[in-house]
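Contents: one structure, followed by commentary.
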Amino acid sequence: MILATWGVHLRVARCFIDNLIAKKYHREFVIGSVAPDCGYGVKDSFGEFTPPPKITHWSPSGMKRDCRYNDFQKEYLNDKSNADYWFYLGYYVHLLTDIMWSVTMYMPTRVKYAEEYKKNPEFLKVIKKDWNDIDVWHLRSLTYHPTFDILKNAGEIKDYLPYYEHNQLTKQVKFIVDYYESYSSNTDREFEYTQKEDIQNFVECSCELLYKVLKEKELI
1 MILATWGVHL RVARCFIDNL IAKKYHREFV IGSVAPDCGY GVKDSFGEFT PPPKITHWSP
61 SGMKRDCRYN DFQKEYLNDK SNADYWFYLG YYVHLLTDIM WSVTMYMPTR VKYAEEYKKN
121 PEFLKVIKKD WNDIDVWHLR SLTYHPTFDI LKNAGEIKDY LPYYEHNQLT KQVKFIVDYY
181 ESYSSNTDRE FEYTQKEDIQ NFVECSCELL YKVLKEKELI
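Counting in the working numbering, the sequence shown runs from 1 upward without gaps.
If you want it as structure tokens, here you go:
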């Protein structure tokens with residue numbers, strides 16, 4: 001299962017907290033926007049996560065095309081007056097963003113670099129190096145980054161979902177913050193496989209499409 005990066009999810013979340021979501025719910029929404037990626041495991045590995053992505057991303061087959069985001073909506077998106085709703089909405093936005101990422105960002109690399117993938121079973125890690133470096137470049141280029149600041153100051157996070165261990169969200173959100181704050185690779189370089197503009201275009205298009213979906217479903 002190929003997922004958008006944490007940085008991309010934070011950029012999408014910012015579109016919503018800047019324009020659509022009441023400030024009192026920003027914390028819940030932003031935490032929800034990274035919560036599906038809070039399984040225990042090695043980042044960018046092809047190994048096991050606990051719980052596995054097919055659970056956290058509501059896709060029993062492990063394929064994005066089978067994501068049961070409608071089931072998630074029916075179970076959790078019912079009461080806008082409850083602060084928890086906005087955590088679940090962030091989670092829902094994450095699920096939809098990953099589907100779009102898989103189709104528009106990942107799958108084209110499978111076509112364009114088919115030979116490289118054939119020669120190197122772990123070529124995706126080469127692609128992801130660009131994605132991760134662009135994330136960090138973008139974060140460090142900002143003088144104000146409200147979504148990341150929310151994660152930094154999240155403190156203890158309640159146990160919103162039954163498939164995560166007690167305090168797992170708290171631990172893994174801290175892990176995400178530590179990952180970006182300790183990132184040491186050179187991000188001031190030319191990017192070979194994905195350009196900064198590609199990521200920016202994805203974020204802008206995704207935000208526009210997500211807004212339409214959420215409005216049509218009367219979720220915002």
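All C-beta atoms in this analysis are idealised placements derived from N, C-alpha and C, irrespective of residue type, glycine included.
Computed from a prediction, not measured in an experiment: that's the story for all the values here.
For the pair Tyr-69 and Gly-32, the CB atoms are not nearer than the 9 angstroms cut-off. Here the region 5-21 lies against the region 197-209, with 3 or more beta-carbon pairs under 8 angstroms apart. Spatial neighbours of Ala-83 in its own chain (CB-CB distance under 8 angstroms, excluding positions within 5 residues in sequence) are listed in chain order as Lys-24, Tyr-25, Glu-28. Sorting Arg-110, Leu-161, His-138 by C-alpha distance to the C-alpha of Glu-75 places Leu-161 at the top. Cβ-Cβ distances below 8 angstroms link Asn-120 to Val-126 in the same chain, with the five nearest sequence neighbours on each side left out; the list follows chain order. Under the three-state reduction of DSSP output, Thr-5 falls in the coil class, being neither helix nor strand. About 6 angstroms separates the beta carbon of Val-136 from that of Tyr-180, a gap short enough to meet the 8 angstroms contact definition.
Every alpha helix (DSSP H) of 4 residues or more that sits fully in the region 140-209 is shown, in chain order, as 146-152, 168-181. Closest option to Asn-19, judged by alpha-carbon separation, among Leu-219, Glu-216, Tyr-211, Lys-217: Tyr-211. Around the Cβ of Asn-132, a 10 Å sphere holds 16 or more other Cβ atoms; the residue is buried. Across the structure, Tyr-193 and Val-93 are spaced so that their CA atoms are roughly 26 angstroms apart. At a cut-off of 4 residues, the continuous stretches assigned as alpha helix (DSSP H) that sit fully inside the region 46-130 are 53-56, 69-76, 83-101, 107-112, 114-119. The C-alpha of Leu-209 is placed about 14 angstroms away from the C-alpha of Ile-220. Beta-bridge partners of Tyr-211 (DSSP): none assigned. Take Pro-60, set aside five residues on each side of it, and the residues of its chain with a beta-carbon closer than 7 angstroms to its own are Lys-54, Asp-66, in chain order.
DSSP lists Thr-50 as the beta-bridge partner residues of Tyr-40. For the 9 angstroms CB-CB criterion, Gly-39 and Thr-50 form a contact.
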